[in-house]
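Have a look at the structure below before the remarks.
Structure below.
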């Protein structure tokens, strides 16, 4: 059976939108020069007039995390470790979303990945929304 038939978790992205340049935040969360770097900045630029967008993804020692909760916890750890000087930049974000991505398919019949309440409470305290995106077969 080819990969298009399998339902599976892909990754979780942290998507930020702000009316201010997010480059200092992106540099702090994903410096790019650490051998054990676990956060990658996939996108950091100005978009839609006066808005700036940054997108981050977490990686474990073996690549993408196998579950959304593990990926979310790694991203939350990085946010909670931001220097105090960058807290106003974090607070300036008008949209903070964790987007869990899945590939759709026909097998297995179902895939479940619980997000524990402690993870949801951490998200709430940081003002982060949750989104689930299912990509159609063949994309």
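Residue numbers (my numbering): 52 to 190. Glycine included, C-beta positions come from ideal geometry on N, C-alpha and C.
Taken in chain order, the complete beta strand (DSSP E) segments of 3 residues or longer contained in the stretch 89-166 are 90-98, 102-111, 146-154. For residue 69, the enclosing beta strand (DSSP E) starts and ends at 59-69. Rounded to the nearest angstrom, the gap between the Cα atoms of residue 147 and residue 57 is 30 angstroms. Annotation: residue 135 to residue 93 spans about 24 angstroms, alpha carbon to alpha carbon. According to the DSSP assignment, residue 181 belongs to the beta strand (DSSP E) that extends over 180-186. When Cβ pairs closer than 8 angstroms are counted between the two stretches, the stretch 105-121 is seen to touch the stretch 157-172, the count reaching three or more. Counting only the Cα atoms, residue 176 lies some 11 angstroms from residue 130.
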